[in-house]
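Numbering (this note's numbering), first residue to last: 995 to 1153.
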């Protein structure tokens, strides 16, 4: 299994980055939605789960599980239940907390094995710049999106 994780404290842009990535996969990489929970997300409930799939140039089916929330142990269990109900999955893209017990709970419940799974975590931080915050946040989001799309287009993800 390949994992692309967006790590960070609350309110660091994990859900926003995952939402932009999911839209990029659909619009640019021709993935289609095959299963979902709360998709598309609403203004009042931004978290979602979705299975995307498409065939690669060799005719192999690629399935991606995207999960935007890992705030509590119950949400992580729900994440796992949705994952297991929609197997097979080749790539998991998810948020993950930066520290504390829910971080380890995610790895345990999702059965992530760093001896056989490929795990790449993108660390996210808060942008605080007073009157120039929006300008700085736009720059930050653009750089994160470019980094993530470049990673996904190359080995080992090769999308």
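Cβ coordinates follow ideal geometry from the N, Cα and C atoms, glycine included.
Query, Result
"Find the nearest neighbour of residue 1000 within the set 1107, 1125, 1086, 1105, judged by alpha-carbon distance.", "1086"
"Compute the Euclidean distance between the alpha carbons of residue 998 and residue 1126, then round it to the nearest angstrom.", "30 Å"
"State the Cα-Cα distance for the pair residue 1132 and residue 1144, rounded to the nearest angstrom.", "18 Å"
"Beta carbon of residue 1062, beta carbon of residue 1042: below 8 Å?", "yes"
"Between 1113, 1111, 1134, which lies nearest to residue 1122 when the distance is taken from Cα to Cα?", "1134"
"For residue 1109 and residue 1101, what's the separation of their Cα atoms in angstroms?", "13 Å"
"Taking the Cβ atom as the reference point for each residue, do residue 1025 and residue 1046 lie within a distance shorter than 8 Å?", "yes"
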